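These notes concern the structure reproduced below.
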Amino acid sequence: MLSRIKKYLRFTRRKPVITRRQDHTISRELIDRDALKVLYRLNQAGYTAYLVGGGVRDLLLGRKPKDFDVSTDAHPHQIKELFRNCILIGRRFRLAHIRFSNKIIETSTFRKPGSHGPDTDAETPDKNTKHKRSNTFGTPEEDARMRDFTINGLFYDIENFTVIDHVGGQKDLKRRLIRCIGEPRLRFPEDPVRMLRAIRFASRLGFTIEKKTLHAIIRFRNELRNAAPARLIEEVYRFFGFGTAQAAFRLLAETKILPLLLPALDEHLRAAPDTHPSLWSCLEVFDAMQTPAGVARETAIFAALTYPLFEARLQQARSTGQQFVQHQELARDVLGDLLGTLPVPRRVIDSLARAFDAQRRFENPKGKFSKKRFVMQSTFADALFVRELVLRARGEDTAEIRQWTRMREQFLRSEAQPADDCASESPVSPEKTPAKRRRRRRRRKPAPATSKPAV
51 MLSRIKKYLR
61 FTRRKPVITR
71 RQDHTISREL
81 IDRDALKVLY
91 RLNQAGYTAY
101 LVGGGVRDLL
111 LGRKPKDFDV
121 STDAHPHQIK
131 ELFRNCILIG
141 RRFRLAHIRF
151 SNKIIETSTF
161 RKPGSHGPDT
171 DAETPDKNTK
181 HKRSNTFGTP
191 EEDARMRDFT
201 INGLFYDIEN
211 FTVIDHVGGQ
221 KDLKRRLIRC
231 IGEPRLRFPE
241 DPVRMLRAIR
251 FASRLGFTIE
261 KKTLHAIIRF
271 RNELRNAAPA
281 RLIEEVYRFF
291 GFGTAQAAFR
301 LLAETKILPL
311 LLPALDEHLR
321 AAPDTHPSLW
331 SCLEVFDAMQ
341 TPAGVARETA
351 IFAALTYPLF
361 EARLQQARST
371 GQQFVQHQEL
381 ARDVLGDLLG
391 TLPVPRRVID
401 SLARAFDAQR
411 RFENPKGKFS
421 KKRFVMQSTF
431 ADALFVRELV
441 LRARGEDTAE
451 IRQWTRMREQ
461 FLRSEAQPAD
471 DCASESPVSP
481 EKTPAKRRRR
491 RRRRKPAPAT
501 SKPAV
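When we follow my numbering, the leftmost residue of the sequence shown carries the number 51, and every step to the right adds one.
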């Protein structure tokens with residue numbers, strides 16, 4: 051026990067590595083102008099303020115950051131006094147959201163061990179950790195050591211243009227490693243969702259998870275059962291944001307986390323790994339595709355995840371001699387089995403069930419059905435996206451996608467044409483519009499003359 055305390059004290063007493071401007075690649079021109087405004091105003095008011103987290107990491111890697119977050123020694127109420135466009139959120143650890151038209155610069159106060167606040171990359175408020183703690187503020191060094199991975203624990207100082215490293219993050223950036231700050235066996239049970247973030251960063255950046263961190267993920271993966279389902283599904287969505295979903299799900303399978311998130315999908319991969327199209331081919335195609343307009347992002351994501359299992363169940367039903375398979379009922383059964391562990395919105399399940407059911411129309415376009423009614427359905431965009439995903443995953447020609455798209459456009463034009471013709475046949479000129487007749491006042495009848503009494 052004493053050796054652990056000494057090791058912790060040595061770790062916390064290390065001097066930060068300061069990288070001067072000429073030795074790193076971060077330029078103010080690459081930083082969002084509104085983030086610079088926040089940093090400058092805090093500095094001018096006498097506070098310490100740094101650009102932190104994923105924004106610094108991405109700038110050092112030569113990537114365009116998705117977000118720019120700020121940490122400061124100003125307390126939340128002091129931040130609010132400086133910015134009229136600021137609102138405070140959170141109960142246990144107050145965060146300042148400084149609004150600039152279409153963006154938010156998230157600004158947090160430096161925290162110390164024992165506080166409860168946003169995790170490393172500041173992308174997600176850490177609201178469902180296993181241990182709830184009070185709102186306490188700390189130093190920049192303490193704040194850096196509270197973050198999840200070393201590559202996310204870097205600060206950029208706008209005053210002297212230096213990068214401040216308390217946790218060895220720059221070395222791990224060069225080594226392309228995802229390393230947990232502190233003891234993984236303590237940090238992962240504290241907040242199990244950190245394990246999913248490790249997989250997301252490794253797949254997104256093409257990094258390797260450091261050995262000790264990887265062993266802890268495998269050892270403590272069952273702690274994910276304690277995480278809030280809403281946080282789990284949010285992390286699943288984030289696997290699909292950077293064209294690296296296939297790499298992320300391969301890591302989920304290797305670390306044995308996939309059975310915890312999507313047990314039916316893991317069982318399918320073990321029982322029928324050669325399904326055509328396979329999960330891996332669907333994810334590879336999804337990574338290369340753009341979600342078309344009219345298709346919800348969640349629907350597209352779960353289409354890529356669930357269609358291989360639907361196809362396998364469909365082939366299994368046909369192999370047993372079933373002549374007529376109720377596609378929509380089968381789709382709902384598959385989706386219920388597969389997504390039952392995650393809080394998937396009902397509208398997404400309904401959209402997917404109808405989109406999977408529509409695939410039989412694409413496979414038999416000469417069948418007896420109204421093509422106009424089919425392409426004019428509200429769920430046609432979802433169905434066409436699934437069709438294109440499946441064709442690409444099978445390595446087949448996608449020319450029919452353009453044909454169906456043209457057919458829909460023609461029907462839309464034909465429906466709009468009669469209304470246009472009627473409008474152009476006899477336009478009414480405003481000059482020829484008859485003037486509104488004034489309402490005539492009714493004349494009042496004269497009162498009857500009263501006869502004077504005789505004198």
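We put the CB at the ideal spot given by N, CA and C, even for glycine. Quick caveat: nothing in here was measured; it's all calculated off a predicted structure.
Counting C-beta neighbours from all protein chains within 10 Å, is the total for residue 415 16 or more, i.e. buried, or is it exposed? exposed
The segment 289-296 / the segment 312-326 touching (three or more Cβ pairs under 8 Å): no
Report the option in 151, 122 and 150 whose CA atom is closest to the CA atom of residue 144. 122
Classify residue 393 as buried or exposed, calling it buried when 16 or more other Cβ atoms lie within 10 Å of its own Cβ. exposed
Would DSSP call residue 322 helix, strand or coil? coil
Which of the three DSSP states is assigned to residue 113 in this structure? coil
Tell me residue 213's beta-bridge partners as DSSP assigns them. 69 and 206
Endpoints, the alpha helix (DSSP H) within which residue 349 is located: 347-369
Ignore the nearest five residues each way along the sequence and tell me which others in residue 429's own chain have a CB closer than 8 Å to its CB. 401, 404, 405 and 408
Opposite residue 153 in the DSSP bridges: which residues? 150
Are residue 187 and residue 160 close, meaning C-beta to C-beta below 8 Å? yes
Buried versus exposed, by CB contacts within 10 Å (16 or more), residue 390: exposed
Residue 119, DSSP secondary structure in three states: strand
Under 8 Å between C-beta atoms of residue 112 and residue 75: yes
First and last residue of the uninterrupted alpha helix (DSSP H) at residue 335: 329-338
Sufficient close CB pairs (3 or more, under 8 Å) joining the segment 195-210 to the segment 94-108: yes
Could you give the C-beta distance for residue 342 and residue 205, rounded to a whole number, given that I count them as a contact under 8 Å? Not a contact, Cβ separation roughly 40 Å.
Runs of 3 residues minimum, wholly inside the segment 235-281: which ones carry the beta strand (DSSP E) assignment? none
Closest Cα partner of residue 388 within the set 211, 363, 370 and 284: 363
If contacts are defined as beta-carbon pairs under 8 Å, then residue 258 and residue 252 qualify, I think. What distance do you get, rounded to the angstrom? 7 Å
Are the CB atoms of residue 238 and residue 211 nearer to each other than 8 Å? no
When burial is assigned at 16 or more other CB atoms within 10 Å of the CB, is residue 196 buried or exposed? buried
Inter-residue Cα distance where the pair is residue 184 and residue 449: Reliability of the predicted coordinates at residue 184 is poor, the pLDDT of 48 falling under 50, and the value obtained from them is presented with this limitation in mind. Going from the Cα of residue 184 to the Cα of residue 449 covers about 59 Å.
Judging by CA-CA distance, which residue of 240, 190, 235 and 307 is the nearest neighbour of residue 216? 190
If you draw a straight line from the alpha carbon of residue 91 to that of residue 79, how long is it in whole angstroms? 18 Å
DSSP on residue 133, reduced to helix/strand/coil? coil
Among 376, 307, 365 and 85, which has the Cα closest to the Cα of residue 248? 307
Which two residues bound the contiguous beta strand (DSSP E) that contains residue 392? No beta strand (DSSP E) holds residue 392; DSSP gives it neither H nor E.
Residue 268 versus residue 305 - alpha carbon distance: 5 Å
Among the residues of its own chain, which have a CB less than 7 Å from the CB of residue 328, if the five just before and after it don't count? 358
At the level of alpha carbons, what is the spacing between residue 89 and residue 100? 7 Å
Give the DSSP-derived three-state secondary structure of residue 159 in the structure shown. strand
Spatial neighbours of residue 135 in its chain, beta-carbon cut-off 8 Å, leaving aside the 5 residues before and after: 148, 149 and 150
Nearest-angstrom Cβ-Cβ length linking residue 310 and residue 355, presumed shorter than 8 Å: Actually they are not in contact, since the Cβ atoms of residue 310 and residue 355 sit about 15 Å apart, beyond 8 Å.
Measure the alpha-carbon distance for residue 457 versus residue 425 and round it to whole angstroms. 8 Å
Rounded to whole angstroms, how far is the Cβ of residue 347 from the Cβ of residue 377, which I believe are closer than 8 Å? Not quite, the Cβ-Cβ distance comes to about 24 Å (not below 8 Å), so this is no contact.
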